[in-house]
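Trainee: There's a structure below that I have some questions on.
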Amino acid sequence: MISGGDFPRLGFHRGTLEKSNRYFGPLPDSNAVRDSIQLLQKIFRLRTCEDSVFANRSRPCLLHQIRRCSAPCVDLIGAAAYAADVARAQMLMDGRTDDVMAELAARMQDAAGELLFEKAAVFRDQIQSLATVKAKQYIDSGKALDADVIACAIKPGSACVNLVMLRGGRQVGDKSFFPQNAQDQTSGDVLLAFLNQHYLLQPIPALVILDEDSLDAEDLAAMLSEHAGRRVQVVLRPQGERRIWAEMAQQNAGLALVQKLREQGNQEKRLVALRQALSLPETVKRIECFDISHTQGEATVASCVVYDRMDMRRNEYRRYNIEGITPGDDYAAMRSVLMRRYEKISREEGVMPDVILLDGGKGQVSAGKDILAELGLSDVQLIGVAKGPERKAGMEELVIAASDTVVHLPADNPGLHLIQQIRDEAHRFAITGHRARRGKARVTSSLESIAGIGAKRRQQLLASFGGLKGVIDASIDDLAKVEGISKKMAEKIYAELH
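Be aware that the sequence shown starts at 876, since it is given in my numbering, and climbs by one per residue.
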């Protein structure tokens, strides 16, 4: 997204679109968006800071020092020159790379003719960067078109759909999807189901390309056109350059499916090894793992991650804010999250796991046993994962609730690797939620503790300085410039925060 205004901001955007901004995409994933932003920063040095930060800068930031921003915030570039850079960035995103390079070459020659060699060198560097990008670009159609190229690979029991996205004539990336319930389906069935579901939530480009004879191009075009509210062209037997795109998508789908099946094979080996090592039933497939995260009892968050059908099921992850316990009491926190999680399941409002993992030792396992017994779920396998005496990976102690024993698996045991994978994911998910909750609480409490600063003034301060850190770094004079903050109040805020 490139915003409006005299000095537009470059950023990535999710959600509803505003008429005042210019949008490019959608792109296949956030990495593709960030790669595009980094490219535009490197070549054209457009700002990425929020408007509140931009309006209150008094000196250039780090991005200017590493040549990723031209510092319009402190007038190191004029509005006309910055607007020219914005226009070139838009031309590049529209696929007009050659036009941008030609314009920069002309500007470089003009600057050199006027003996402005430093200015000419800037244009030269931009041309070289663009030439490198163009050389690496796998596909550049030379036409500013938007198209989706879709292909499907099928193997017994599995399918993969690969979506290659072309925007403004440039390939901006691809993404592979692995539909569930694809057993005994043809590639045409899978592609038809994908088209019906994918474009419910995603914008439809002007051209959709599929190399699939079993479908009807007119029916698909009518369906997509009706949904898009404009004409959409569907090509089922591409020729020439379009066939190259379709073949690339087909190859991507095949490679992604092979890699997915290989990963599933490794996961199956790990699950079998875990069953054998811990004498678990052959029916064990679903594992849920819990972890607790806090900072000396502050902002306690519990996480629950789910492993099922030989993969992590991120759409089933849950976080729980823990309240009403003694700060820092991990056992009470574990009792609280297990009660909240499995009370619903005991009423048949969810799926019961085959194994429950708890990040912790005998204390956490004892707390878990009490809660499960209270809920009448004592038949579930409950295992604590303690870090061991030296807290090193591979030396974990597995506390088995059913037998009250501690098991040590060899460091190279695939079953232990599966436990480590699930436990580490629970830890990551818990600590991410804890940090977010803690940061939000600290931002609020730091300013709320100052007498005379109400909700409106807090909001004005945070907006003016781009967050709490900006408020802390501000001088008394800077604070006094905010609407509603007198010099006396600014001195009080500064003293409280320091």
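Ideal Cβ placement from N, Cα and C applies to all residues, glycine included.
1. Beta strand (DSSP E) containing S1168: first to last residue?
2. Exposed or buried, what is Q916 when buried is set at 16 or more other beta-carbons lying within 10 Å of its beta-carbon?
3. What do you reckon, are the CB atoms on E1163 and I1231 nearer than 8 Å?
4. Please name the residue, chosen from S1221, F1165, G1329, D1287, that lies closest to D1234 on a Cα-to-Cα basis.
5. Residues in its own chain within less than 8 Å of A1010 by CB, not counting five upstream and five downstream?
6. Compute the beta-carbon to beta-carbon distance between F882 and P935, rounded to the nearest angstrom, for a pair I have assumed lies under 8 Å.
7. Quick one: what does DSSP say D881 is sitting in, helix, strand or coil?
8. Which residue wins for smallest C-alpha separation from H1283, given the options D1299, A1261, E1366?
9. Starting from S1033, follow its DSSP beta bridges and name the residues at the other end.
10. Tell me the rounded alpha-carbon separation between D974 and I918.
11. Does the distance from the CB of S1178 to the CB of A1305 come in under 8 Å?
12. On the DSSP bridge assignment, give the partners of E1272 in chain order.
13. Say the cut is 7 Å; is the CB of I912 nearer than that to a heavy atom of the ligand HEM?
14. How is S1178 classed by DSSP in three states: helix, strand or coil?
15. Based on Cα-Cα distance, which residue from Q1295, I1294, I1258, A1128 lies nearest to A1277?
16. Per DSSP, which one or two residues make a beta bridge with F1052?
17. If you draw a straight line from the alpha carbon of I1014 to that of A1022, how long is it in whole angstroms?
18. Starting from N1141, follow the beta strand (DSSP E) in both directions and report where the run begins and ends.
19. Quick check: the segment 1143-1150 against the segment 1043-1056, are there 3 or more CB pairs under 8 Å?
20. Per DSSP, what kind of secondary structure is N1288 in: helix, strand or coil?
21. Check the C-beta distance from D1049 over to N1127 and give it rounded, since I have them as a contact under 8 Å.
22. When burial is assigned at 16 or more other CB atoms within 10 Å of the CB, is Y898 buried or exposed?
23. Can you find the residues in the same chain that come closer than 6 Å, C-beta to C-beta, to I1360, ignoring five residues on each side of it along the sequence?
24. Using CA coordinates, which residue listed in L1343, S1221, R889 is at the minimum distance from G1314?
25. Taking the beta strand (DSSP E) that D1021 belongs to, which residues open and close that run?
26. Which one or two residues does DSSP pair with Y1195 in a beta bridge?
27. Output needed for Q1301: all residues of its chain with C-beta closer than 7 Å, excluding positions within five of it in sequence on either side, in chain order.
28. Please classify R1210: does DSSP put it in a helix, a strand, or coil?
29. Report the three-state DSSP secondary structure of D974 (helix, strand or coil).
30. Give the DSSP-derived three-state secondary structure of I1360 in the structure shown.
31. Within its chain, find whatever has a CB closer than 8 Å to the CB of A1057; leave out the 5 residues flanking it on each side and keep chain order.
32. Apply the 10 Å Cβ neighbour rule to D1205 and answer buried if 16 or more other Cβ atoms are within range, or exposed otherwise.
33. Tell me which residue opens and which closes the alpha helix (DSSP H) that D926 is part of.
34. Whose CA, out of S905, R1189, E1271, D1229, lies closest to the CA of R1303?
35. Using only alpha-carbon positions, find the residue among G1172, L951, P1264 that is nearest to Q940.
36. Measure the alpha-carbon distance for G953 versus R963 and round it to whole angstroms.
Mentor: Reading off the structure:
1. Position 293 of the sequence shown, counted from the start, is the residue given in the question as residue 1168. Counting along the chain, the beta strand (DSSP E) containing S1168 begins and ends at 1162-1170.
2. On the sequence shown, position 41 is the one that residue 916 refers to. So Q916 counts as buried.
3. Reading the sequence shown from its first residue, position 288 is the one you call residue 1163. Reading the sequence shown from its first residue, position 356 is the one you call residue 1231. The answer is yes: Cβ separation under 8 Å.
4. Residue 1234 sits at position 359 when you count from the first residue of the sequence shown. If we check each option's Cα against that of D1234, F1165 comes out closest.
5. Here residue 1010 refers to the residue found at position 135 when the sequence shown is read from its first residue. Note that A1010 scores 46 on pLDDT, short of 50, meaning its location in the model is unreliable; the coordinates nonetheless yield the value given after this. Taking A1010 as the centre and dropping the five residues before and after it, the same chain places no C-beta closer than 8 Å to its C-beta.
6. Here the question's residue 882 lines up with position 7 in the sequence shown. Here the question's residue 935 lines up with position 60 in the sequence shown. A Cβ-Cβ distance of about 14 Å is found for the pair F882 and P935, leaving them out of contact under the 8 Å criterion.
7. Locating residue 881 in the sequence shown gives position 6, counting from the first residue. If DSSP states are grouped into helix, strand and coil, D881 belongs with coil.
8. Locating residue 1283 in the sequence shown gives position 408, counting from the first residue. Nearest C-alpha to H1283: A1261.
9. The count along the sequence shown starts at 1 and reaches residue 1033 at position 158. Answer by DSSP bridge pairing, in chain order: K1030.
10. Numbered from its first residue, the sequence shown carries residue 974 at position 99. Numbered from its first residue, the sequence shown carries residue 918 at position 43. When rounded, the separation of the alpha-carbon atoms in D974 and I918 is 15 Å.
11. Here residue 1178 refers to the residue found at position 303 of the sequence shown. Here residue 1305 refers to the residue found at position 430 of the sequence shown. Contact: yes.
12. For the purposes of this step, residue 1272 is taken as the residue at position 397 of the sequence shown. The partner list for E1272 (beta bridge, DSSP) reads A1261.
13. With respect to small molecules bound, the structure shown includes none, and the ligand HEM cannot be examined in it.
14. For the purposes of this step, residue 1178 is identified with residue 303 of the sequence shown, where counting begins at 1. In the structure shown, S1178 sits in a strand (DSSP, three-state: E or B).
15. Locating residue 1277 in the sequence shown gives position 402, counting from the first residue. A1277 has its Cα closest to that of I1258, out of Q1295, I1294, I1258, A1128.
16. As a first step, residue 1052 is located in the sequence shown; it is residue number 177 there, counting from the start. In the DSSP output, where bridge partners are listed per residue, F1052 has V1036.
17. Here residue 1014 refers to the residue found at position 139 when the sequence shown is read from its first residue. Here residue 1022 refers to the residue found at position 147 when the sequence shown is read from its first residue. Because I1014 carries a pLDDT of 43, less than 50, the predicted location of this residue cannot be relied on, and the following value inherits that uncertainty. Straight-line Cα distance between these residues: approximately 12 Å.
18. Locating residue 1141 in the sequence shown gives position 266, counting from the first residue. First-last for N1141: 1116-1153, but that is the alpha helix (DSSP H), not the beta strand (DSSP E).
19. no
20. For the purposes of this step, residue 1288 is identified with residue 413 of the sequence shown, where counting begins at 1. DSSP places N1288 in coil when its eight states are reduced to three.
21. For the purposes of this step, residue 1049 is taken as the residue at position 174 of the sequence shown. For the purposes of this step, residue 1127 is taken as the residue at position 252 of the sequence shown. The Cβ separation is near 6 Å, so the contact holds.
22. On the sequence shown, position 23 is the one that residue 898 refers to. Classification of Y898: exposed, given that the 10 Å Cβ count is below 16.
23. Counting from one through the sequence shown, the residue named residue 1360 turns up at place 485. Excluding positions up to five away in sequence, the list reads L1354.
24. Along the sequence shown, read from residue 1 onward, the residue named residue 1314 stands at position 439. Residue L1343 is the option with its Cα nearest to G1314.
25. Here residue 1021 refers to the residue found at position 146 when the sequence shown is read from its first residue. Where D1021 is concerned, there is no enclosing beta strand (DSSP E), given that its DSSP letter is neither H nor E.
26. In the sequence shown, the residue the question calls residue 1195 occupies position 320. Paired residues: A1177.
27. Along the sequence shown, one-based indexing puts residue 1301 at 426. Here residue 1301 is Ala; the residue named in the question, Gln, does not match the sequence. The residues C1164, F1165, D1166, S1178, V1180, D1234, in chain order, have a CB closer than 7 Å to that of A1301 in the same chain once the five nearest residues on each side in sequence are set aside.
28. Position 335 of the sequence shown holds residue 1210. Correct three-state label for R1210: helix.
29. By 1-based counting over the sequence shown, the position of residue 974 is 99. Here D974 sits in helix by DSSP.
30. Locating residue 1360 in the sequence shown gives position 485, counting from the first residue. Coil, per DSSP.
31. Within the sequence shown, numbered from 1, the residue matching residue 1057 stands at position 182. Excluding sequence neighbours, A1057 sits near I1029, G1032, S1033, A1034, V1065.
32. In the sequence shown, counting from the first residue as 1, residue 1205 sits at position 330. Label assigned to D1205: buried.
33. The residue labelled residue 926 in the question sits at position 51 within the sequence shown. Per DSSP, D926 belongs to the alpha helix (DSSP H) from 926-929.
34. What you label residue 1303 is simply residue 428 of the sequence shown in a count that begins at 1. Minimum Cα distance to R1303 is reached at R1189.
35. As a first step, residue 940 is located in the sequence shown; it is residue number 65 there, counting from the start. In terms of Cα proximity to Q940, the closest of G1172, L951, P1264 is L951.
36. Residue mapping note: residue 953 aligns to position 78 of the sequence shown, counting from 1. Residue mapping note: residue 963 aligns to position 88 of the sequence shown, counting from 1. In a straight line, the C-alpha of G953 is about 16 Å away from that of R963.
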